[in-house]
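Peer 1: I'd like to ask some things about the structure below.
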Amino acid sequence: MSADGARLGRAAAEWAVTHRVRAGGWDLRYRQAGEGPPLVLVHGLGCSADYWVNNGPWLAASGYRVLAPDLPGFGRTEGPRALSIVQQAYAVSLFSDVLQLGRAAYLGHSLSCQTVLELAGTEPHRVAGLILAAPTGDRRKKRLLWEAVGFLRDIPREPPSLVPLILDAYVRAGPLRWGRTWLAGKRHDAFDAAARVRAPAVVLVGDRDPVVSIHFARAITDAVKDARLRIIPGAAHALIYDQPQGFNGAVLDFLATLLPIRRDGVME
-15 MSADGARLGR AAAEWAVTHR VRAGGWDLRY RQAGEGPPLV LVHGLGCSAD
35 YWVNNGPWLA ASGYRVLAPD LPGFGRTEGP RALSIVQQAY AVSLFSDVLQ
85 LGRAAYLGHS LSCQTVLELA GTEPHRVAGL ILAAPTGDRR KKRLLWEAVG
135 FLRDIPREPP SLVPLILDAY VRAGPLRWGR TWLAGKRHDA FDAAARVRAP
185 AVVLVGDRDP VVSIHFARAI TDAVKDARLR IIPGAAHALI YDQPQGFNGA
235 VLDFLATLLP IRRDGVME
């Protein structure tokens, strides 16, 4: 087996084991793998840490300490019916504190892009960089129905293997928590949060995403002081799952500009 294959095997084995940590009254479940500069993966609406199955081990094998929590109320972390975006950002902050991550890169997907934007805007000392994958945050009323329809249109564009992952997470969350969390996202001003971010960022969006338009992704990119936009060919809304090779490559390209590592995975 090659050295790269061995690293991936070790990372996959580590990722398969779940952990728990007490943070701010929440018993947070999380996955973790790898050693090196910290990278926190924050799942989107109704999902869980399990959603990063095609990303966590590969990113960890590339020389990063990758962590993915279940946010309160989602996955296998108990919590209230719904948290605001500010409260979600606080939960991520507590998670990072308890694990003593220091400055880390944060990767959000869909709704959680607003969470990591809020974190970076409020606590800039924590954030070395942001990866915003298929960011939501369009508050225009006419977009509410369009976004809901977009989620339905996205289903046939995704791999069939994604369906059981999503169904399990959505059933655990329940429709009430899911709906209230979605509405909490609509009450949050993503552009205000983006304007407060001082860390470098990259915005990733698929060219087949029916939920987040390239136009909106570009608007969010422009709102962050130091951000770039990268379009992932062939990807729909779940670009982290349906185009993992292109997505992971884009993430690693960005991280390499923030957190240099040697080939043996030790930080320079």
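Every letter in the sequence shown is one number past the one before it in the working numbering, and letter 216, counting from 1, is 200. By construction, the Cβ of each residue, glycine as well, lies at the ideal position given by its N, Cα and C atoms. In this text the structure is predicted, and so the values were computed from the model without any measurement.
1) Among S(-14), A88, D11, D34, which has the Cα closest to the Cα of L239?
2) Tell me which residue opens and which closes the beta strand (DSSP E) that Q16 is part of.
3) Quick check on the burial criterion: 16 or more other C-beta atoms within 10 angstroms. Buried or exposed for R15?
4) If you follow the alpha helix (DSSP H) that P53 is in, where does it begin and where does it stop?
5) From the DSSP output, read off the bridge partner residues of H199.
6) To the nearest angstrom, how far is it from the Cα of G28 to the Cα of E19?
7) Drop a sphere of 10 angstroms on the beta-carbon of R160, count the other beta-carbons inside from all chains shown, and report buried for 16 or more, exposed for fewer.
8) Quick check: the Cα distance between P119 and V195, rounded to an integer number of angstroms?
9) Tell me where the alpha helix (DSSP H) around V86 begins and ends.
10) Can you find at least 3 beta carbon pairs, one from the stretch 168 to 187 and one from the stretch 45 to 64, that sit closer than 8 Å?
11) Less than 6 Å between C-beta atoms, sequence neighbours within five positions excluded: which residues of the same chain meet that for P144?
12) Helix, strand or coil: which one does DSSP assign to R171?
13) Classify R212: buried if its beta carbon has 16 or more other beta carbons within 10 angstroms, exposed otherwise.
14) By the DSSP assignment, the beta strand (DSSP E) with V189 in it spans what residues?
15) Are the CB atoms of V24 and L91 nearer to each other than 8 Å?
16) Can you give me the Cβ contacts of S80 inside the same chain, cut-off strictly under 7 Å, excluding the 5 residues immediately before and after it?
Peer 2: Quick answer:
1) A88
2) 10 to 17
3) buried
4) First-last for P53: 49 to 53, but that is the beta strand (DSSP E), not the alpha helix (DSSP H).
5) According to DSSP, H199 bridges with nothing at all.
6) 24 Å
7) Residue 160 is actually Leu in this sequence, not Arg. That one is exposed.
8) 9 Å
9) Before going further, note that residue 86 is Gly rather than Val in the sequence given. Note, G86: premise wrong, no alpha helix (DSSP H); not H, not E.
10) no
11) none
12) helix
13) exposed
14) 185 to 190
15) yes
16) V24, A88, R110
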